[in-house]
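FYI, in my numbering the residues of the sequence shown are 36 to 170.
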Amino acid sequence: MSMVGGGTNYLRREESFMYDRENRFRMEDTMNAGRIEYTEKGMTHVASRRCDVIRISLSGAVISLLTQFNLPKQFYLDIPDARISKVGSLLMKTFSNNTAEVRFLRLMTQKELDRIFVFSTHPAHKDRVLDVRSW
């Protein structure tokens with residue numbers, strides 16, 4: 036038995052365990068302008084595309100695109116209003132209404148999530164105010 040194969044299986048098991056556990060973070064409705072950035076196959080430049088973040092949790096989000104678009108498997112998500120950039124994201128699944136569920140490669144902090152909700156145009160967050168100390 037090679038050590039390399041065993042190590043790989045161990046990692047995969049750990050990763051899948053991590054994703055299973057993260058599902059417990061409850062998604063909240065929001066409405067923030069976002070942008071995805073990705074490198075196209077064979078290209079050296081970074082392409083970007085506008086999206087809306089319509090649900091979010093510490094571990095993932097549901098994004099909405101204006102048109103049908105094949106999302107890359109991995110990309111960065113920016114939420115410019117909340118000054119959050121380059122959150123590594125994995126595409127989990129796409130839906131027929133031009134929305135997709137993504138998983139973050141790192142957990143958002145509660146501070147980042149609060150900042151996103153302050154800039155959200157969703158009615159559920161209209162009373163949120165910015166704590167200047169959190170900037």
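No residue lacks a Cβ here, since even glycine has one placed at the ideal position from N, Cα and C.
- Beta bridge pairing from DSSP links R90 with D64 and V97.
- Classified as exposed, D162 has fewer than 16 neighbouring CB atoms from the shown chains inside 10 Å of its CB.
- V97 has its alpha-carbon roughly 14 Å from the corresponding atom of F110.
- By the 16-neighbour rule on beta-carbons within 10 angstroms, T102 is exposed.
- The region 150 to 159 and the region 129 to 137 do not touch, with fewer than 3 CB-CB distances between them shorter than 8 Å.
- Note on geometry: alpha-carbon atoms of M143 and L100 lie some 22 Å from one another.
- Beta-bridge analysis with DSSP links I151 to no other residue.
- Taking C-alpha positions only, R61 is separated from S92 by approximately 6 Å.
- Shortest Cα-Cα distance from S83 to any of S94, R70 and K76 involves R70.
- Within the DSSP bridge table, the entry for Q145 names no partner.
- Per the C-alpha coordinates, the member of L126, L125 and R90 positioned closest to D64 is R90.
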